[in-house]
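Notes to accompany the following structure.
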Amino acid sequence: MLRNKEAFKEAFVTKLQSMFGKSISDASVTDKYVALARVMRDNISMDWVQSNDQYTEKEEKQMYYFSMEFLLGKFLDMYLINMGLKETCQEALSELGISLEELEKEEPDPGLGNGGLGRLAACFMESLAALQLPGHGCGIRYKYGLFEQRILDNNQAELPDNWLKDGYVWEFRKPDKAVEVHFGGNIRMEEQDGRLNCIHENYEAVAAVPYDVPIIGYRNNNVNTLRLWNAESINDTFDLASFNRGEYLQAMEYRASVGMISKILYPQDNFYEGRLLRLKQQYFFTSAGLQSIVRRFKKKYEDIRLLPDKVAIHINDTHPAVAVPELMRLLMDQEGLGWDAAWDITRRTISYTNHTIMPEALETWPIDMFKQLLPRIYMIVHEINEQFCKELWKQYPGNWDRIANMAIIADGLIHMARLSVVGSYSVNGVAAIHTDILKNHIMADYNQFYPGKFNNKTNGITHRRWLVKANPKLSALLNETIGETWVYNPMDLKELSKHADDKRVLEQLRRVKQNNKKALAKYIKDQNGVTVDPNSLFDVQIKRIHSYKRQILNLLHIMDLYNRLQENPDLDIVPRTFIFAGKAAPGYYIAKQTIKLACTMAAKINNDKRIKDKLKVLFLENYSVSLGEVVFPGADLSEQISTASKEASGTGNMKFMMNGAVTIGTMDGANVEIRQEVGDENIFIFGLTSDQVFDYYNRGGYNAWDVYNNDLRLKTVMEQLSSDYLGVDRGEFQPLYSYLLHNNDEFFVLKDFSAYAKAQSDVDLAYRDKDAWAKKSLQNIANSGIFSSDRTIMEYAEDIWKIWPVNVLGKRKK
Ligand code: 26Q
């Protein structure tokens, strides 16, 4: 239908006319964007129907990825690339006098996630479709995504992210597929035909209405579904009559409370807060998702016992952990199975990924809160716990401590990670070191009790978004140098290693990087009004602001560099541009102060003429998928400096690597595997190891004040932090100072400072040799294929989900 540009032009012009009654000359940029997106949408829907039909026809097992977050990014360009229509579209539009790039700016960037976990879910969706796997997403259609960040007077300000205000062309509302979700009320047992039945009464019913977003495979005909649920009042969807009974106020109150459920994404990342609304959100989308899965399953199959053969359900962290008791409920109360059969099915259907070992991120719910909101679900959790504790007792008779540590319900709390481990057949960590820590420390008891259940699946990123889309110049160079197969087979990037000593390739690579840095410099000039030199080393830390990620370590080091430059303006250092971006949770004081510190330092350093432009500091506001797509391609150095053991994996580290940045980092998360792939000469590793960190936690022996007193350079910057040195009121950054010293530096910032400074000076030396640096950059790209989410998804598909590619027959061809 859109095979050539003439057809494309015609479809576009026709759409513009039929939708807006306008010709090109009348149409606004928004009109043109919407028309283009609509043309694409029409084209997608045929393949979508085909995919679903053929998945059903062939009786293929389906996988559903349940996640509270999907950090999607923009789709238009991605879809054009995956459908093989980008050039056709570009040419067609340009002949009509329209710039595709300009239209792309009109698309909202749906920020339905906080950070790594949400972006991982989005990368997985893309890879599933690319690999022709029948895998779908299930989540929430938040009216407001992650807040928009502005920097005002060096402080973070939060604005609502009203991403739906102009409509969203990629979603398909499916009111006929709505289901009901029930909250509160009470449970009555009733005997019927010699069977005890559970009757749920006096509950509050909420309508869950799906909005489906198509996920398009790369140059195949597979279109999978991301189903996002919207909460609506039953009156709106099912029963307008009850509205007319004079219960107007009650009805309005009910409406408002229902509307809240899918109103906003919680902006905390790696931090748990036991809010009732959060639990409502969790049960809302999990129940809706499971109901629609069971409904679809029953349309095709008679025997519910086949569920685990035809359906895999994956829970992204514990946020959808109520899937375990909810599936039990559906199987027993709705399908009439007994406990044992239901439990057997549930535990062969659900698998779980853990994304953190940070205790403050582990979810627990107070029994009373849980019971009131979800009375039937609580009964089931209670019974799961009883039976589990009995098993534990058999295995470890009399070992109360061990049993208490493993029980799902303990100390008045329901432990969602424990529920997830017990209720699933597979538990995986997201990088080798992380899985190791799970198996040997955090979940060691479970690992012994369930041998073989724990496994590793190192994270990945979709190289089609993060390389093909974000870095077209590098992609073109790769195509020219090693052919185009790497787009399907990312491991083929290894071919690039053969050119590691080819001066011409190194020179081309340098030129690509230089151009990307110029584009980034322009973005910086436009946004921050600061001129940066593309010849300086672009040193980048972009990620959520969190104490364990140690942005402060980076900032303290910059202060030290600045001090040394002030003492000696002729100090021989490679000019550097330090770039930061990232959001702080609105209530996270230390994180917000960290942003303020970065912005304050930027103002002081960027305006200091004495240091001759050797140092620039930037804080780019509103980090998002779209901003990442501009920054990763222009980075020389990737900062991955979390306290060892704290960063489960990291995925930004992979995006940098794939775009030819070299990593400075600790032996944490996937950095360990990056090092293994590129070799010691192509990465800068420093700092405490996770074993050393655990040793200090367990045995003591670390005193932050000792480090402080024995390192004059460090002491100086710490004193500056607590003074008015940065041109702020004395005491402005005292909280950061106190936080570091008075908590005995729980993330070992002071402890790792000198090792970090040394690693940074090694970077400085290495960067001077342009050829040697380009070679490091090349080796990073060449060895990044393993970090494609294609590899990750293949492993999940084969080892955990047992799903297989489906070749959808359709019009588009490879
Ligand atoms: C939980 C309860 C209440 C409110 C919020 C939350 C919550 C929300 C988001 C807890 C955790 C998160 C997000 C965690 C996250 O992004 N973890 C990251 O996951 C990545 C993908 O596996 C890893 O690469 C990162 O290392 C890990 O930090």
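With this note's numbering as the guide, the letters of the sequence shown map in order to residues 451 to 1264.
Glycine included, every Cβ here is placed at the ideal spot set by N, Cα and C.
Quiz item: When every heavy atom of ligand 1 is checked, does at least one fall within less than 8 Å of the C-beta of Gln-718?
Solution: Position 268 of the sequence shown holds residue 718. Yes - ligand 1 has a heavy atom lying nearer than 8 Å to the Cβ of Gln-718.
Practice problem: Identify, in the order they occur along the chain, each residue of the same chain with its Cβ nearer than 6 Å to the Cβ of Thr-912, setting aside the five sequence neighbours on each side. | Solution: Position 462 of the sequence shown, counting from 1, holds the residue named residue 912. Contacts found: Cys-573, Glu-576, Ser-577, Ser-1239.
Quiz item: Where does Gly-568 sit, in a helix, a strand or coil, going by DSSP?
Solution: Reading the sequence shown from its first residue, position 118 is the one you call residue 568. Looking at Gly-568 - three-state DSSP - the assignment turns out to be helix.
Self-check item: Heavy atom of ligand 1 within 8 Å of Met-528 beta-carbon
Solution: As a first step, residue 528 must be located in the sequence shown, where it is residue number 78. No, since every heavy atom of ligand 1 falls outside the 8 Å radius drawn around the Cβ of Met-528.
Practice problem: Consider the C-beta atom of Gly-1100 and the heavy atoms of ligand 1; say whether any pair is separated by less than 8 Å. | Solution: Position 650 of the sequence shown, counted from the start, is the residue given in the question as residue 1100. For ligand 1, at least one heavy atom lies less than 8 Å from the Cβ of Gly-1100.
Quiz item: Looking only at DSSP bridge pairs, what is Met-639 linked to?
Solution: Sequence index remark: in the sequence shown, residue 639 carries index 189 (1-based). DSSP output for Met-639 lists Cys-648 as bridge partner(s).
Quiz item: Using the beta-carbon count (16 or more within 10 Å), is Thr-464 buried or exposed?
Solution: As a position in the sequence shown, residue 464 is number 14, starting the count at 1. With fewer than 16 Cβ atoms within 10 Å of its Cβ, Thr-464 is classed as exposed.
Practice problem: Identify, in the order they occur along the chain, each residue of the same chain with its Cβ nearer than 6 Å to the Cβ of Ala-792, setting aside the five sequence neighbours on each side. | Solution: If you number the sequence shown from 1, residue 792 lands on position 342. Within the same chain, Ala-792 has close Cβ partners Met-778, Leu-781, Met-782.
Quiz item: Tell me which same chain residues have a C-beta within less than 7 Å of the C-beta of Tyr-1246, skipping the five on either side of it?
Solution: Indexing the sequence shown from 1 puts residue 1246 at position 796. Closer than 7 Å at Cβ, skipping near neighbours: Lys-907.
Quiz item: What residue range is occupied by the uninterrupted alpha helix (DSSP H) comprising Lys-440?
Solution: An answer regarding residue 440 cannot be provided, because it is not within the stretch 451 to 1264 covered by the chain.
Exercise. Identify, in the order they occur along the chain, each residue of the same chain with its Cβ nearer than 8 Å to the Cβ of Ile-637, setting aside the five sequence neighbours on each side.
Key: By one-based count along the sequence shown, residue 637 stands at place 187. Excluding residues within five positions, the ones whose Cβ falls inside 8 Å are Cys-648, Ile-649, His-650, Glu-651, Pro-825, Arg-826, Met-829.
Quiz prompt | Alpha-carbon spacing of Leu-421 relative to Phe-520, whole angstroms | solution = Absent from the structure is residue 421, since the part of the chain shown begins at 451 and ends at 1264.
Self-check item: Whole-angstrom C-beta distance between Gly-1137 and Asp-1202, which should lie under 8 Å
Solution: Your numbering for residue 1202 matches position 752 in the sequence shown. Your numbering for residue 1137 matches position 687 in the sequence shown. Indeed they touch by this definition, with Cβ atoms about 4 Å apart.
Quiz prompt | Cβ pair Ile-992, Tyr-1038 closer than 9 Å | solution = To locate residue 992, count along the sequence shown from 1; it is residue 542. To locate residue 1038, count along the sequence shown from 1; it is residue 588. Result no, Cβ atoms of Ile-992 and Tyr-1038 do not sit closer than 9 Å.
Exercise. Could you tell me which residues DSSP pairs with Glu-1089 in its beta bridges?
Key: Here residue 1089 refers to the residue found at position 639 when the sequence shown is read from its first residue. Glu-1089 pairs with Ile-1114.
Exercise. Count the CB pairs spanning the region 541-552 and the region 1217-1234 that are closer than 8 Å, and state whether there are at least three.
Key: no
Quiz item: Assuming Ser-391 contacts His-884 under a Cβ cut-off of 8 Å, what Cβ separation, rounded to an integer in Å, is found between them?
Solution: With the chain represented from 451 up to 1264, any question about residue 391 goes unanswered, as that position is not in the structure.
Quiz item: Cβ-heavy atom distance between Tyr-722 and ligand 1 below 8 Å?
Solution: Translated into positions along the sequence shown, residue 722 becomes position 272. Checking every heavy atom of ligand 1 against the Cβ of Tyr-722, one is found closer than 8 Å.
Quiz item: Would the beta-carbon of Arg-914 fall within 9 Å of that of Tyr-668?
Solution: Here residue 914 is taken as the residue at index 464 of the sequence shown, counted from 1. Here residue 668 is taken as the residue at index 218 of the sequence shown, counted from 1. Cβ atoms of Arg-914 and Tyr-668: closer than 9 Å.
Quiz item: Closest to Asp-1130 by CA distance: which of Ala-926, Gln-1229, Ala-771 is it?
Solution: Position 680 of the sequence shown, counted from the first residue, corresponds to residue 1130. Selected option, being the one with the closest Cα: Gln-1229.
Quiz item: Which full runs of the beta strand (DSSP E) of 3+ residues lie inside the region 703-749, going along the chain?
Solution: none
Quiz item: Since Phe-516 is in the alpha helix (DSSP H), which residue starts that stretch and which ends it?
Solution: As a first step, residue 516 is located in the sequence shown; it is residue number 66 there, counting from the start. Taken as a continuous stretch (DSSP letters only), Phe-516 belongs to no alpha helix (DSSP H), being part of the beta strand (DSSP E) at 512-516.
Exercise. Give me the Cα-Cα distance between Asn-985 and Asp-951, rounded to the nearest whole angstrom.
Key: The sequence position of residue 985 within the sequence shown is 535, counting from 1. The sequence position of residue 951 within the sequence shown is 501, counting from 1. Asn-985 and Asp-951: Cα-Cα distance of roughly 22 Å.
Quiz item: If Ala-1232 sits next to Lys-944, beta carbons under 8 Å apart, how far is it from one beta carbon to the other, in whole angstroms?
Solution: In the sequence shown, counting from the first residue as 1, residue 1232 sits at position 782. In the sequence shown, counting from the first residue as 1, residue 944 sits at position 494. About 6 Å separates the two Cβ atoms, so the contact holds.
Exercise. Would you tell me roughly how many angstroms separate the C-alpha atoms of Ile-1091 and Asn-905, rounded to the nearest one?
Key: For the purposes of this step, residue 1091 is identified with residue 641 of the sequence shown, where counting begins at 1. For the purposes of this step, residue 905 is identified with residue 455 of the sequence shown, where counting begins at 1. The alpha-carbon atoms of Ile-1091 and Asn-905 are separated by roughly 25 Å.
Exercise. Would you give the residue range spanned by the alpha helix (DSSP H) that Ile-887 belongs to?
Key: Within the sequence shown, numbered from 1, the residue matching residue 887 stands at position 437. 882-887 is the span of the alpha helix (DSSP H), which, as asked, contains Ile-887.
Practice problem: Would you mind reading off the limits of the beta strand (DSSP E) that contains Arg-600? | Solution: Counting from 1 along the sequence shown, the entry for residue 600 is found at position 150. Taken as a continuous stretch (DSSP letters only), the beta strand (DSSP E) holding Arg-600 covers 598-602.
Quiz item: According to the Cβ coordinates, are Asn-674 and Leu-583 closer than 9 Å?
Solution: Translated into positions along the sequence shown, residue 674 becomes position 224. Translated into positions along the sequence shown, residue 583 becomes position 133. Yes. Within cutoff.
Practice problem: Would you check if the distance between the CB atom of Gly-1084 and the CB atom of Ala-926 is smaller than 9 Å? | Solution: Taking the sequence shown and counting its residues from 1, one reaches residue 1084 at position 634. Taking the sequence shown and counting its residues from 1, one reaches residue 926 at position 476. No; because the gap between Cβ atoms is not below 9 Å, this pair is not in contact.
Quiz item: Distance, Cα to Cα, Gly-1235 vs Ala-1207?
Solution: The count along the sequence shown starts at 1 and reaches residue 1235 at position 785. The count along the sequence shown starts at 1 and reaches residue 1207 at position 757. Roughly 30 Å between the two C-alpha positions.
Exercise. Measure the alpha-carbon distance for Ile-714 versus Lys-615 and round it to whole angstroms.
Key: Start at 1 with the first residue of the sequence shown, and residue 714 comes out as number 264. Start at 1 with the first residue of the sequence shown, and residue 615 comes out as number 165. Going from the Cα of Ile-714 to the Cα of Lys-615 covers about 14 Å.
Exercise. Answer with buried or exposed for Asn-680, where buried requires no fewer than 16 other C-beta atoms within 10 angstroms of its C-beta.
Key: Walking along the sequence shown from the start, residue 680 turns up at place 230. Buried, by the Cβ-count rule.
Quiz item: Do Tyr-661 and Glu-621 have their CB atoms nearer than 9 Å?
Solution: Taking the sequence shown and counting its residues from 1, one reaches residue 661 at position 211. Taking the sequence shown and counting its residues from 1, one reaches residue 621 at position 171. The answer is yes: Cβ separation under 9 Å.
Quiz item: Quick one: what's Ile-765 bridged to in DSSP?
Solution: Within the sequence shown, residue 765 is the residue found at index 315, counting from 1. The partner list for Ile-765 (beta bridge, DSSP) reads Phe-516, Tyr-802.
Practice problem: Would you tell me roughly how many angstroms separate the C-alpha atoms of Trp-1034 and Leu-1047, rounded to the nearest one? | Solution: Working through the sequence shown from its first residue, we reach residue 1034 at position 584. Working through the sequence shown from its first residue, we reach residue 1047 at position 597. Checking the sequence shown, residue 1034 turns out to be Ala, not Trp. Answer to the nearest angstrom: the Cα atoms are 13 Å apart.
Quiz item: According to DSSP, is Asp-616 helix, strand or coil?
Solution: Within the sequence shown, numbered from 1, the residue matching residue 616 stands at position 166. DSSP places Asp-616 in coil when its eight states are reduced to three.
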